Amino acid sequence: MRTIPILFATAAALSAQATIHRVNNTGIALPFTTLQAAHDAALDGDTIHVEPSGSSYGACTFNKPLVVIGPGYFLNFNSGLQATAATAITGGLVFEAGSEGAVVSGLDVQGATNVKASFVRIERCRFSAGGADLSIAYPVGSLDLTGIVVNGCHVANGFTVGYSGSTLNDLTISNTLARTFNFATGGSTSGELINCIGLGSGTTALFGGSGMSISNCVFGPFVTPGTSAYANNIFAGAPVPATNGNQINVDLGTVFVGGTGDAQYQLAAGSPGIGAGAGGADCGIFGGLEPYRLSGIPPVPSIFTLSAPTSADQGTPLQVTLGSRAND
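If you're matching positions, the sequence shown starts at 7 in this note's numbering and goes up one per residue.
This is the structure in structure tokens:
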């Protein structure tokens with residue numbers, strides 16, 4: 007028997023006209039070796055599969071509503087989720103006007119990323135640019151954006167939101183870990199930050215003048231609360247009163263299991279975050295309606311192994327065994 011690794015496969019509901027484009031720079035004969043080239047050739051509504059590789063697929067500026075899917079990240083920490091530990095590395099991503107409706111999932115983004123268009127959804131991606139890893143409407147004034155969603159992401163450093171002169175409405179940031187969250191003191195921002203974690207050694211969260219609803223989150227000791235509303239959060243310090251279900255001066259060593267990779271942020275036995283969120287949900291990234299998925303495995307089915315004979319007689323049934331997983 008021969009085992010053939012299937013790097014990842016997806017089942018997406020596409021219109022009859024939509025096309026799936028593969029991007030691979032490992033020597034496979036495919037039309038596209040960079041994400042930008044695939045984007046430029048794609049039509050609105052097309053899907054781009056960015057395949058595992060040890061080399062970056064480069065930066066990309068989006069001006070079309072495309073679906074982009076990678077295999078996830080931290081696959082070396084969480085074995086058995088994909089056939090290979092290689093990720094789909096890209097440079098920074100920029101979402102310009104025209105990209106409204108774009109969905110990006112499962113990428114290992116190693117460059118500064120900026121969202122400057124409405125109704126963009128970024129889910130289950132890792133961002134690591136060494137500073138302002140992920141930004142929304144920053145540093146750009148005079149933007150009026152709505153309906154942006156960031157869910158289940160791992161931001162290694164800074165997550166910056168808003169800028170003087172810009173307006174953000176109906177923003178949703180959920181089940182996302184960042185070293186720091188930095189909301190602008192100018193401009194106008196409204197929406198919700200729910201089931202997130204901010205644990206930087208410096209400023210963990212600066213909410214400036216934002217009017218966010220913040221719930222079920224866990225924060226380190228350095229939080230500037232601004233004008234946001236807080237409920238059912240856990241704070242290492244005491245930036246808000248211990249009302250509305252907020253817990254203050256909590257020893258974060260009692261909250262998480264610890265360890266390495268993204269699994270370390272699961273709640274420990276007896277954690278003060280268990281059932282402490284709104285409606286009895288857990289606090290932190292693994293609680294709520296859209297829990298964080300280890301390694302950012304994209305929300306599509308995957309086939310990660312295929313076993314089949316190396317040869318078979320003509321007319322003889324070919325016995326094939328698939329290893330698959332649903333990743334809702």
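For every residue, glycine included, the Cβ atom is placed at its ideal position computed from N, Cα and C. All of these numbers come straight from a predicted model, not from anything done at the bench.
Per DSSP, cross-strand counterpart(s) of residue i
| i | result |
| --- | --- |
| Val126 | For Val126, which the question treats as bridged, DSSP gives no partner whatsoever. |
| Arg28 | His55 |
| Arg132 | Asp114 and His160 |
| Thr67 | Val100 |
| Gln253 | Ile240 |
| Asp150 | Thr173 |
| Glu38 | It should be pointed out that residue 38 corresponds to Phe in this sequence rather than to Glu. BP columns for Phe38 point to Val29. |
| Ala235 | Ser219 |
| Ser141 | Asn120 and Thr166 |
| Phe225 | Gly204 and Phe241 |
| Phe262 | Leu273 |
| Ala211 | Phe187 and Val229 |
| Ile95 | Asp114 |
Same chain only: Cβ atoms within 8 Å of residue i, ignoring 5 sequence neighbours per side
| i | result |
| --- | --- |
| Gly294 | Ser180, Asn181, Ile200, Asn201, Asn222, Gly283, Ala287 and Asp288 |
| Gly137 | Ala118, Asn163 and Gly164 |
| Ile27 | The sequence given here has His at residue 27, not Ile. For His27, where only same-chain residues beyond five positions count, the Cβ hits under 8 Å are Pro37, Phe38, Ala44, Ala47, Ala48, Asp52, Thr53, Ile54 and His55. |
Test: residue i CB closer than 8 Å to a CB of chain D
| i | result |
| --- | --- |
| Phe68 | Among the protein chains of the structure shown there is no chain D, as only one such chain exists. |
C-beta contact flag for residue i and residue j at 8 Å
| i | j | result |
| --- | --- | --- |
| Ser148 | Gly171 | yes |
| Thr230 | Gly215 | no |
| Glu198 | Thr173 | no |
| Ile128 | Asp114 | no |
| Ile203 | Gly290 | yes |
| Tyr63 | Asn31 | yes |
| Thr67 | Tyr79 | no |
| Phe225 | Phe241 | yes |
| Asn255 | Gly265 | no |
| Ala65 | Gly86 | no |
| Ala91 | Ala123 | no |
| His160 | Asp257 | no |
First through last residue of the beta strand (DSSP E) which encompasses residue i
| i | result |
| --- | --- |
| Asp176 | Thr173 to Ser180 |
| Val246 | Neither: Val246 is in no beta strand (DSSP E) and is coded neither H nor E. |
| Gly217 | Gly217 to Ser221 |
| Ala184 | Leu183 to Phe189 |
| Gly197 | Ser194 to Ile200 |
| Asn120 | Thr119 to Val121 |
| Val74 | Val73 to Ile75 |
Spatial neighbours of residue i in its chain, beta-carbon cut-off 6 Å, leaving aside the 5 residues before and after
| i | result |
| --- | --- |
| Phe125 | Glu106, Gly107 and Gly153 |
| Phe165 | Leu140, Ala184 and Phe187 |
| Phe292 | Gln272 and Tyr298 |
| Ser134 | Gln116 and Ala162 |
| Ser111 | Ile75, Glu129, Arg130 and Pro304 |
| Thr209 | Thr186 and Phe228 |
| Asn250 | Ala237 |
| Ala318 | Leu324 |
| Ser196 | Asn175 and Gly217 |
| Gly192 | Ser170 |
| Ala211 | Phe187, Gly204, Phe225 and Val229 |
| Asn239 | Cys223 and Asn252 |
| Ser61 | Asn31 |
| Thr40 | Tyr63 and Gly64 |
| Asp150 | Thr173 |
Extent of the continuous alpha helix (DSSP H) to which residue i belongs
| i | result |
| --- | --- |
| Leu41 | Leu41 to Ala47 |
Nearest to residue i (by Cα), restricted to the options the options
| i | options | result |
| --- | --- | --- |
| Gly259 | Gly285, Phe38, Ala275 and Leu87 | Ala275 |
| Ala89 | Val100, Val109 and Ser59 | Ser59 |
| Asn69 | Asn120, Phe241 and Ala318 | Asn120 |
| Val261 | Pro278, Phe213 and Phe241 | Pro278 |
| Glu57 | Ile34, Asn239 and Ala65 | Ile34 |
| Ser24 | Leu72, Thr40, Ser61 and Gln42 | Reading off the sequence, residue 24 comes out as Ala, not Ser. Checking every option, the nearest Cα to that of Ala24 belongs to Leu72. |
| Val100 | Asn82, Gln42 and Asn239 | Gln42 |
| Gln270 | Val29, Thr327, Gly321 and Ser301 | Ser301 |
| Val109 | Val246, Val155 and Thr40 | Val155 |
| Val263 | Pro247, Ile280 and Ala248 | Ile280 |
| Ser194 | Gly206, Ala143 and Ala248 | Ala143 |
Beta-carbon contacts of residue i that lie in its chain and below 7 Å, excluding the five residues immediately before and after
| i | result |
| --- | --- |
| Pro145 | Tyr169 |
| Cys296 | Per the sequence shown, the amino acid found at residue 296 is Glu instead of Cys. Result list for Glu296: Asn157, Gly158, Ser180 and Asn181, in chain order. |
| Ser21 | Because the pLDDT of Ser21 is 41, which lies under 50, any placement of that residue in the model is unreliable, and the question is left without a value. |
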